[in-house]
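Here the protein sequences line up with chains A and B, keeping their order.
Here the first sequence is numbered in our numbering, starting from 10 and rising by one per residue.
Here the second sequence is numbered in our numbering, starting from 10 and rising by one per residue.
2 protein chains.
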Amino acid sequence: MKYPKSVDQLISAFRQLPGVGAKTAERFSLHIVNHFEKEAMDQFKDAIDAIQTTIFHCPICGNITDINPCLICQDTKRDQHMIMVVEEAKDLMAVESSQTYHGLYHVLGGVLSPADGVGPEQLTIKSLLERLKSETIKEVILATNLNAKGEMTAAYLLTLLQGTDLTISRIAHGLPAGGHLEFADDLTLSKALEGRTKLTKS
Amino acid sequence: MKYPKSVDQLISAFRQLPGVGAKTAERFSLHIVNHFEKEAMDQFKDAIDAIQTTIFHCPICGNITDINPCLICQDTKRDQHMIMVVEEAKDLMAVESSQTYHGLYHVLGGVLSPADGVGPEQLTIKSLLERLKSETIKEVILATNLNAKGEMTAAYLLTLLQGTDLTISRIAHGLPAGGHLEFADDLTLSKALEGRTKLTKS
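What follows is the structure, encoded as structure tokens:
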């Protein structure tokens, strides 16, 4: 006994999503079969359809967009002197929703990961270097994540950019708001110590 | 700054799935945007399309199917004297994949849940009673889950069916294989004691 073909097909489609195993894919698919109205199913299909036809990567910053250039690159009110380099579009969104940064972005489209066949050519590093030549950038903030690949990617970009007139900075890592020292992992703790700020002059 | 409309639409479609919050829906959607080839997106759309056009509930047992009656109801080699009553199609699939049961099924399509507006009319209870009248059933195995709603639904079905010639049974609950007594929850433990089998005559 197996599920009908279309249900099996949807289960295997869901399994391609990150962190979705056989049981979860089955639950999602049966939920759609049993509980979704026609409108909700149409919404799924139409959204994927629209993504296929309208979404592309901004040729300037690499962000996902349906207009060219993207809204951020179009926005002349933003600080045109800073570029924050992030891994993925969702990182850009996270920074944007914090409303703490008003400069430009550059979305790498991933991190260096030689084992997965991701080298500098697979990321938008070439277009970043082009931007830095032609635009009025003064500072590049490396905001890749604090893990082996993110650190390696930041280090690689640093070697490419040092020697230029640009200020290169790395976003600060340390204990998060509400974080407890006793639960902090070793890497966070070492970064928190490394980046400590002096409160008194010595 | 927001995602393009189509991406937002896909995020909100994913949020309708059980256990999928804002962050997960965003991760799923961006994974599709960034990493899915045309074929994988088509698979998603086509599967939902096929579900809309070909899937229905078997008018006999309530299982999801694309043929009428479903494969199980069609299969004359199955034991036609037993019906196992389950909540959802996925429960039927779980029992089938264990290959421990060869009778018929009846899929309720949920459990009684007055607070959510689910009464007997929202489940396939009427068609179950019809089947029990007209078919050659001798035993009904109540296999709803071991939780408040599953137990209530089983109790409700028992009141409907007792007084008939049918044997009504409840699937056994107790400690699972590989389960440790020390980690068992109270309900499982109480069911395990209640359902204990005698090893010596007394």
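Idealized CB from N, CA, C, for every residue including glycine.
List the endpoints of the continuous alpha helix (DSSP H) containing residue i.
i	result
D159(A)	Note that residue 159(A) is Gly in the sequence shown here, rather than Asp. Its alpha helix (DSSP H) spans residues A157 to L170.
L19(B)	K14 to F23
L113(A)	Note, L113(A): premise wrong, no alpha helix (DSSP H); beta strand (DSSP E) at G112 to V116.
Q61(B)	K47 to T63
D100(A)	A98 to S107
F37(B)	A31 to H44
K142(A)	I134 to S143
Q83(A)	L80 to Q83
Which residues in the same chain as residue i place their Cβ atom closer than 7 angstroms to its Cβ, once the five residues preceding and following it in sequence are excluded?
i	result
K200(B)	L155, H182 and G183
Y110(B)	M93 and V104
A157(A)	none
A22(B)	none
G126(B)	none
E35(A)	I20
Q52(A)	none
Which residue comes first and which comes last in the beta strand (DSSP E) that contains residue i?
i	result
R179(A)	T176 to R179
E148(A)	E148 to L151
L198(B)	It is not in any beta strand (DSSP E) - L198(B) instead sits in the alpha helix (DSSP H) that spans D195 to E203.
Q89(A)	D88 to V95
Please list, in chain order, all residues of the same chain as residue i whose beta carbon is under 8 angstroms from its beta carbon, the five residues on each side excluded.
i	result
T63(B)	D75
I212(B)	Missing from the structure shown is residue 212(B); chain B here goes from 10 to 211 and no further.
V29(B)	F23 and F37
L190(A)	L184 and L198
M216(A)	This structure cannot settle anything about residue 216(A), because the visible part of chain A is limited to 10 through 211.
M161(B)	V120 and L121
P129(B)	L121, K135 and Y165
G204(A)	A181, H182 and G183
G159(A)	E96, V120 and T153
T173(B)	L141
T33(A)	F23
L138(A)	L169
D88(A)	H111, G112 and L113
Exposed or buried, what is residue i when buried is set at 16 or more other beta-carbons lying within 10 Å of its beta-carbon?
i	result
K99(A)	buried
T133(A)	buried
F192(A)	exposed
S38(A)	buried
T153(A)	buried
E46(A)	exposed
E48(A)	exposed
S107(A)	exposed
E144(A)	exposed
A163(A)	buried
L151(A)	buried
L202(A)	exposed
L26(B)	buried
Rounded C-beta distance between residue i and residue j? I'm assuming under 8 angstroms.
i	j	result
K54(B)	D17(A)	Not confirmed; about 16 angstroms, so no contact.
K147(B)	H90(B)	4 angstroms
H141(A)	L175(A)	For the sequence presented, residue 141(A) should be read as Leu rather than His. Their Cβ separation, rounded to whole angstroms, is 7 angstroms, which keeps L141(A) and L175(A) in contact under 8 angstroms.
A56(B)	L19(A)	4 angstroms
L95(A)	V116(A)	Residue identity check: residue 95(A) is Val in the sequence provided, not Leu. Correct: roughly 6 angstroms between the Cβ atoms.
I177(B)	L167(B)	6 angstroms
I60(B)	V42(A)	6 angstroms
Y12(B)	M102(A)	7 angstroms
Spatial neighbours of residue i within its chain, please: C-beta separation below 6 angstroms, excluding the five flanking residues on both sides.
i	result
G118(B)	G71, L132 and T133
A31(B)	none
Which of the residues in the stretch 42 to 56 of chain B, read from start to end, lie with their CB under 9 angstroms from any CB of chain A?
V42, N43, H44, F45, K47, A49, M50, D51, Q52, F53, K54, D55 and A56
Worksheet item: Between the stretch 60 to 90 of chain A and chain B, which residues of the former have a C-beta closer than 7 angstroms to a C-beta of the latter?
Response: I60, Q61, T63, I64, I73, T74, D75, L80 and I81
query: Along the stretch 98 to 130 of chain B, what residues have a CB closer than 9 angstroms to any CB found in chain A?
result: A98, K99, L101, M102, E105, S106, G118 and G119
When Cβ atoms are compared, which residues of the stretch 13 to 30 of chain B fall closer than 9 angstroms to chain A?
-> P13, K14, S15, V16, D17, Q18, L19, I20, S21, A22, F23, Q25, L26, P27, G28 and V29
- Query: Closer than 9 angstroms, Cβ to any Cβ of chain B: which residues of the stretch 176 to 205 of chain A, in chain order?
  - Reply: none
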